[in-house]
Every structure is written in structure tokens, then in C-alpha cells.
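In this note's numbering, the protein residues as written are 50 to 294.
Think of the CB as a built atom: it goes at the ideal place given N, C-alpha and C, for glycine as much as any other residue.
None of these values were measured; they are calculated from a predicted model.
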């Protein structure tokens, strides 16, 4: 049987999985990512978890159809709750908002469970989420920006670190004179996307700058001073990144 065909968004997630022994897919939905990973030899074993019984049952059916029941196991779990320490070296978490994903990591304690790498794809609140990762010494090693069905998605390969060597952020600091500005901009737009001069990031920033400038023209300074300040701040940060291209 041919391997499953993933969407561009999920392909970006799967492509970041390399050299893992066991991957835990949190919120597995239909189980297609685990099937793809095993069939493409990206890992040896997958624990596919979901909080809802319906999606997990469908995932189990798809896994059985591909004859991968010995390689992929399913578990009903709220976040990482049912993952035991040492069972997996990598987690995948995609298809949910950044604040929910942040809570899953806070409650799941990936460092205590022996997780070395995390492939994450938050769909909102990316600045807050990246700031959280940085503060927890979960360091971004690679990112992929995807445009699909009219939306932008960011997949991240994150290392669970035991030191303070946040290499990607430090390299951006070298390119931008102000360390404070560089850290804020990395949180907003992604350190490795900036370092790699990612083409999709360039498209996103160009579009976002145009949208923000249009909004700015419609706002009254007396009524929306705080929002105007926030928009100008973001436009300035976008301009700093675009000037690096």
C-alpha cells in the first residue's frame, strides 16, 4: 500500500522528524502523521494520542489498514498525561492554538519525561509561544513556514536543552544591533526563518506590513492610541527583518 499523502502543513511537521527512536504524536486526529513517519522510516515506533475517543478510533482503523499495529500504538490521553518517562524521545504537537499548546507543555513536563526534541506547529499566539519556549530553554533549531489554503503555518523543531546556549537567537542578535530588539523580533517571527531568509516568511511579512499600514490609516489617534502604538511597533519590527533580505 502506498504511503499516505499529507497536506503541506502536516508534511512540514513530518519532515522535521529525523533520527528518532520513538515519537509521541499528541492530538493525532486520524493518525496519518504516525503512518507516514513509519512508512518513510523517520522513526521506529509511534505513540499516537488524542483526548477524544472518536478520532482515536479512526486513527486505529487507519493504522490497521496499513498493517502497522506493531509499530504504532494508540492511547486516549489529555495532552502528555499518559506518556510515561523514557517512552519517547520526540513529541509532535500540531493543529492547535499556541496557548493550548503552551499549557500542554507546562502540564506535560517534557524534560522530566526524557523528551529530547519537539516538533511543534502552533496556529496562533506565536510570539507568546516562542517567548515561553525561550524562557524554558526549549531552543528552536529549525523552522518551516508554509502557505496553504490561504493561511500561513509555522512548524518548529525544538531542542529540549540543559544549557543556556540559544544559538539561533544569538546569531540574530549579531545581525541586529540591539539585543532587546533581536529577541523580540525572534519571538515574533522565528529566529531560523530570519537567519535563513525564508521566502515564505518574506511573503508573509510583506503582506502583513501592507495590512497593518491600511489599518493604521483608518484609526483615530484619540480613540485608538494604544492599538496604534502596537501596530507601529509591529510594522517597525517587520521593516527590520525585511531590510535583512
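Helix, strand or coil at residue i according to DSSP, with G and I counted as helix
i           : result
residue 91  : coil
residue 150 : helix
residue 243 : helix
residue 179 : helix
residue 191 : strand
residue 172 : coil
residue 198 : coil
residue 207 : strand
residue 109 : helix
residue 78  : coil
residue 256 : helix
residue 54  : coil
residue 285 : helix
residue 116 : coil
residue 276 : helix
residue 221 : helix
residue 265 : helix
residue 104 : helix
Test item: CB-CB of residue i and residue j under 7 Å
i           : j           : result
residue 167 : residue 140 : yes
residue 71  : residue 137 : yes
residue 197 : residue 205 : no
residue 129 : residue 147 : no
residue 287 : residue 254 : yes
residue 15  : residue 221 : What the structure shows of the chain is the stretch from 50 to 294, and residue 15 is not part of that stretch, so it cannot be assessed.
residue 151 : residue 132 : no
residue 92  : residue 60  : no
residue 238 : residue 290 : yes
residue 105 : residue 123 : yes
Close Cβ partners of residue i (< 6 Å) along its chain, the five nearest in sequence each way excluded
i           : result
residue 164 : 140, 209
residue 194 : 203, 242, 247, 249, 250
residue 80  : 97, 108, 111, 112
residue 218 : 235, 240
Residues of its chain near residue i, where Cβ-Cβ distance is below 7 Å and the 5 sequence neighbours each way are ignored
i           : result
residue 102 : 125
residue 215 : 183, 188
residue 180 : 236
residue 160 : 209
residue 117 : 84, 87
Counterpart residues of residue i in DSSP-defined beta bridges
i           : result
residue 124 : 98
residue 166 : 139, 208
residue 145 : 171
residue 72  : 95, 139
Cutoff 8 Å; reference residue i; Cβ partners in own chain excluding five residues on either side
i           : result
residue 280 : 261, 264, 265, 268
residue 284 : 258, 261, 262, 265
Does the pairing of the segment 82-91 with the segment 53-64 give three or more beta-carbon distances under 8 Å? yes
Using a Cβ distance threshold of 8 Å, determine whether the segment 217-231 contacts the segment 167-181, with at least three qualifying pairs required. no
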